[in-house]
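**Q** In my numbering, the protein residues as written are 156 to 709. For reference, the structure I am asking about is given below.
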Amino acid sequence: AGLYNGSRFSAAPSEVSSLTGSNGEKAFSSNTSTVPQYLWDKDPDLDDALHSPDPVRDAKMDRSFTLFSARGWLNAGALVILVVGLMTLFAGYPIIVFYAKDTVTTSGFNLGGINGSGQIPDLPGLPSLIDSDTPSDAYTRTGQDGKKYNLVFSDEFNTDGRTFYPGDDPYWEAADLHYWPTGDLEWYDPSGATTENGKLVLTITMEDIHDLNFKSGMITSWNKFCFMTGYVEVSVSMPGSSTVPGFWPGAWTMGNLGRAGYGATTEGMWPYSYDSCDVGTFPNQTSADGEPAAALTGSTFGGTLSFLPGQRVSACTCSGGDHPGPSVNVGRGVPEIDILEHQIETSIPQGEVSQSFQIAPFSYQYSFGNTTPDTIVTDPSITTFNSYKGGTYQQAVSALTLIDPTHYNDVAYGTYGYEWWSDPDNRDDGYIQWYSGGTESWQVTSAAVGPDSTVEVGQRLIPEEPMYLILNLGLSPSFQPADYKHLQFPAKMYIDYVRVYQRAGTKGAVTCNPSTRPTQDYINNHIEAYTNANWTTWSAAGFDFPLNSKYHGC
156 AGLYNGSRFS AAPSEVSSLT GSNGEKAFSS NTSTVPQYLW DKDPDLDDAL HSPDPVRDAK
216 MDRSFTLFSA RGWLNAGALV ILVVGLMTLF AGYPIIVFYA KDTVTTSGFN LGGINGSGQI
276 PDLPGLPSLI DSDTPSDAYT RTGQDGKKYN LVFSDEFNTD GRTFYPGDDP YWEAADLHYW
336 PTGDLEWYDP SGATTENGKL VLTITMEDIH DLNFKSGMIT SWNKFCFMTG YVEVSVSMPG
396 SSTVPGFWPG AWTMGNLGRA GYGATTEGMW PYSYDSCDVG TFPNQTSADG EPAAALTGST
456 FGGTLSFLPG QRVSACTCSG GDHPGPSVNV GRGVPEIDIL EHQIETSIPQ GEVSQSFQIA
516 PFSYQYSFGN TTPDTIVTDP SITTFNSYKG GTYQQAVSAL TLIDPTHYND VAYGTYGYEW
576 WSDPDNRDDG YIQWYSGGTE SWQVTSAAVG PDSTVEVGQR LIPEEPMYLI LNLGLSPSFQ
636 PADYKHLQFP AKMYIDYVRV YQRAGTKGAV TCNPSTRPTQ DYINNHIEAY TNANWTTWSA
696 AGFDFPLNSK YHGC
């Protein structure tokens, strides 16, 4: 026991205790043949020099240099290769790629773009403007004008489970708002739009959401895909029944300077399609002293013809005014062309589609040229002029066409569309030809919306703005009172495809920002209005109407 006295561990005796024999541990025998007196030796170890710096020797070694050191050259070479490789990757490669490709002479504003020959490129990793699922026999068509039309955009919706929340899709975005301008009863929510079984499905449900009782879906291609002139076609199966009124499915187009549901952007813009500098650009279509008098009694009810605030960016805009261009003397607006708005003709009852051109300023009593050749109705047995011709906020150049009662609830589909042509240099040539059920339904020409001397307004234009697509399923008593007793929820609107064509040879017209009717800078300069649906007026968003040279003076 004495060997371990005073220690917690069975350690060897220290040098001092073994020499002195001091109290605490017993000394080892000096003549043992198996255990040395010490468990270490006092001779220098091989690495002791590393712990004993020699300044003279170290300085001499630091000054040593061998030009022909293989190791040194290998190290230097490796560094050179590494640096050159990094510079080539991050500087050289982009330069090589830039100068190795041909310069594009005509660029599209959106994903996909258009090349100098007017063709749509197929960019690896990005969705093409033309859906690869579109059948080849749908790549061209012959217009009612006898000209060849080429497919420039399509979406077949064949990929199930697509969603349209902001950022989900390159061409479509679902609305998240209450569409208050038309008194809708539903809240448009992105969850109301998806794809299933090869169709786009917009679903309306009865549920509490944002203090409203219904939820539905709406998608638009605003500021993502637009076109100027062409033919647009949709294949649709309607929701509900061909005998029960209430649902309001729509497929329509609008000028890119107005964003659907964003009231500030459409104030003073929708539905203007006007390039004259006259009283038609004024608030209420009257001068400050109330002229012309016909505008004060020109509605169909004998009252004020227009409650519009005036054309915000008219051909009368003062020099330097807030105007989207291309110059302040070009009238701009947000016209609307409806591919279809579905309703029920309750007297039969049978479903029908309203196919309309919404315009401003207005003619006396909202009239238009409704006789041939100004307008042409293909089959009067199923197509009639709409009794609704407008009100104080819009003029509707519209006709109604009965549809097949089997084209509902994904059972069968009808095709609807319009062919649109306008030319700023030859405005008399403009027209819109609508189609229902795959056949021509009716046509309106520029002559139908010509000048009206009674209220002193000039020619309304067949649209010259870049137009975007809107697909929605609404519910509003302002369009048609609903039969809630027989309406069934949920209800679904099915869209099999959307296809857009343009005349062969047309270039630079698949864009939201054409040089002849630019929109990009104006939108960016007023981005608060275009991204905040809570602003209902232009002034509430923080902006002012520019001065009108004829109304305010400059």
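Every residue, glycine too, gets a C-beta built ideally from N, C-alpha and C. Note that the structure is a prediction, hence the values are computed from the model and not measured.
Classify VAL391 as helix, strand or coil using the three-state DSSP reduction.
**A** For VAL391, the three-state secondary structure derived from DSSP is strand.
**Q** Can you tell me whether GLY115 is helix, strand or coil according to DSSP?
**A** Nothing about residue 115 can be reported from this structure: the residues present for the chain run from 156 to 709 only.
**Q** Determine, for CYS432, whether the minimum Cβ-Cβ distance to residues of chain B falls below 8 Å.
**A** The chain inventory of the structure shown lacks chain B, comprising one protein chain alone.
**Q** When the Cα atoms are used, what is the spatial distance from CYS381 to PRO621?
**A** 6 Å
**Q** Quick check on GLY601: does DSSP put it in helix, strand or coil?
**A** It should be noted that the sequence gives Ser, not Gly, for residue 601. In the structure shown, SER601 sits in a helix (DSSP, three-state: H, G or I).
**Q** Should GLY232 be listed as close to the ligand GTP, given that the test is whether its C-beta is under 7 Å from any heavy atom?
**A** Absence of the ligand GTP is noted for the structure shown, with no ligands found whatsoever.
**Q** Helix, strand or coil for LEU266? Go by DSSP, reduced to three states.
**A** Any reading at LEU266 must be qualified, since the residue scores a pLDDT of 40, below 50, and its modelled position is unreliable; the value itself is stated next. DSSP places LEU266 in coil when its eight states are reduced to three.
**Q** Which residues does DSSP list as the beta-bridge partners of MET648?
**A** LEU357
**Q** Look at the alpha carbon of PRO701 and the alpha carbon of THR671, and state the distance between them as a whole number of angstroms.
**A** 21 Å
**Q** State the start and end residues of the unbroken alpha helix (DSSP H) segment that holds VAL307.
**A** Element bounds for VAL307: not the alpha helix (DSSP H) but the beta strand (DSSP E), 303-310.
**Q** Could you check the C-alpha separation between THR420 and PRO490 for me, to the nearest Å?
**A** C-alpha separation (whole angstroms): 13 Å.
**Q** What would DSSP say about SER396, mapped onto helix, strand or coil?
**A** Of the three classes helix, strand and coil, the one that applies to SER396 here is coil, per DSSP.
**Q** Let me know the secondary structure DSSP gives ALA449 once reduced to three states.
**A** helix
**Q** Between the C-alpha atoms of CYS473 and TYR543, what's the straight-line distance to the nearest angstrom?
**A** 36 Å
**Q** Could you give the DSSP three-state label for LEU630: helix, strand or coil?
**A** It is a strand residue.
**Q** Specify the secondary structure class of PHE253 as computed by DSSP and reduced to three states.
**A** helix
**Q** Can ARG615 and VAL604 be called in contact, C-beta distance under 8 Å?
**A** yes
**Q** Can you check DSSP and say which residues form a bridge with VAL532?
**A** TRP597
**Q** Under a three-way DSSP split, which group does ARG582 fall into?
**A** helix
**Q** So who's on the other strand from GLY385, going by DSSP bridges?
**A** TRP575
**Q** Looking at TYR521 and THR455, is the spacing between their C-beta atoms short of 8 Å?
**A** Yes.
**Q** Could you compute how far the alpha carbon of GLN498 sits from the alpha carbon of GLN505?
**A** 9 Å
**Q** Three-state secondary structure (DSSP) at ARG467?
**A** Correct three-state label for ARG467: coil.
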